Amino acid sequence: MTITITAFERSPDGGKGLARDTRVRWALEEVGQDYDVQFVSFARLKEPAYRALQPFGQIPAYLEDDFVLFETGSIILHIAERYEGLLPRDAHGRARAITWMFASIGTVEPPILDLATARLVEAKEAWSADRLPLVEARIHARLSELAAYLGDKEWLEDDFTAGDLMMVHVLQRLKPSGLLAEHETLAAYVARGEARPAYQRAFAAQLAINAPAAT
Ligand code: GTB
């Protein structure tokens, strides 16, 4: 069985690891599974053949030979259930870890994505300057709640889980804006995630493709 994921031919972030293939690469590195990557142009993403893999025309898709998944939450849950290392063995521990996966994409990520919309898509609108502080305030509120829960713990539960992997990658998206640095507890949490050897390997693999060519 061969695992293949799809990724941008060249990520717009120039190798910061923010595109979502990085979280899937990271999960596969954590569980020690090799994978191939199919690189996809923006044009190809929207073609019917690609939409058969990912109905919304986005990366990443995940293939195990003919079996196809999309949505990083689902892909990473599948990896975590199939291979040891990302979910606790006990039922309650697993359920808690999965809860954090849902929290990352259902509760923490939406205001973070809204910031990208506010800054990139809506910037020219007359009301944009009024809306931006509201968007940032909603992010700070969520981050304060998360930081209060994390406290001085290393990870959200007893050990690193798929919930931390997802949450760290969701929070990383805020690094370029400077908003994450305002929450020291979470900035340190993200740094702990980034220090994991599996993350380092995943980051290096995407950087090798996405780094701007030297001039
Ligand atoms: N909910 C889906 C999932 O989790 O799998 C979302 C997938 C998704 O948003 N994919 C994006 C995509 O394919 C790439 S990751 N976009 C192309 C399109 O929709 O046409 C989002 C992303 C893109 C770029 C940066 N960046 O440059 O910083 C960061 C994150």
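Note that this note's numbering has the sequence shown beginning at 1, numbered continuously upward.
Quick reminder that beta carbons are idealized off the backbone N, C-alpha and C, glycines included.
It should be emphasised that the depicted structure is a prediction, and the values quoted were computed from it without experimental measurement.
CB of residue i within 9 Å of CB of residue j, strictly
i, j, result
"Thr107", "Leu150", "no"
"Glu145", "Trp100", "no"
"Ile112", "Leu171", "yes"
"Val31", "Arg82", "yes"
"Phe70", "Pro55", "yes"
"Glu9", "Ile139", "no"
"Ser177", "Leu134", "no"
"Lys16", "Lys124", "no"
Which of helix, strand or coil DSSP assigns to residue i
i, result
"Leu143", "helix"
"Leu63", "strand"
"Ala7", "strand"
"Gln58", "coil"
"Asp36", "strand"
"Val68", "strand"
"Thr161", "coil"
"Arg196", "coil"
"Ala126", "coil"
"Ala31", "The question names Ala, but residue 31 is Val in the sequence shown. Of the three classes helix, strand and coil, the one that applies to Val31 here is coil, per DSSP."
"His183", "coil"
"Leu53", "coil"
Nearest-angstrom Cα separation, counted from residue j out to residue i
i, j, result
"Gln38", "Thr22", "14 Å"
"Tyr62", "Val24", "9 Å"
"Thr72", "Arg119", "24 Å"
"Ala80", "Ala211", "29 Å"
"Leu180", "Ala141", "12 Å"
"Glu154", "Ala103", "18 Å"
"Ala258", "Asp34", "The requested residue 258 does not occur in the structure, where the chain is confined to residues 1 to 215."
"Arg96", "Pro48", "37 Å"
"Ala204", "Arg20", "14 Å"
"Asp152", "Ala195", "17 Å"
"Thr161", "Ala188", "17 Å"
"Ala129", "Leu143", "22 Å"
"Arg51", "Gly57", "5 Å"
For residue j and residue i, believed in contact at Cβ under 8 Å, the rounded distance
i, j, result
"Thr6", "Ile59", "5 Å"
"Arg239", "Leu18", "Shown here, the chain extends from 1 to 215; a query on residue 239 therefore has no answer."
"Ala213", "His183", "That pair is no contact at about 35 Å."
"Met166", "Ile105", "7 Å"
"Glu29", "Ala198", "4 Å"
Burial state of residue i (16 or more Cβ within 10 Å)
i, result
"Leu45", "buried"
"His169", "buried"
"Met1", "exposed"
"Gly14", "exposed"
"Gly163", "buried"
"Leu87", "buried"
"Val190", "buried"
"Ala43", "exposed"
"Glu109", "buried"
"Ala27", "buried"
"Thr117", "exposed"
"Gln206", "buried"
Distance cut-off 8 Å: residue i Cβ against heavy atoms of ligand 2
i, result
"Gln58", "Annotation note on ligand 2: not contained in the displayed structure, which lists ligand 1 as its ligands."
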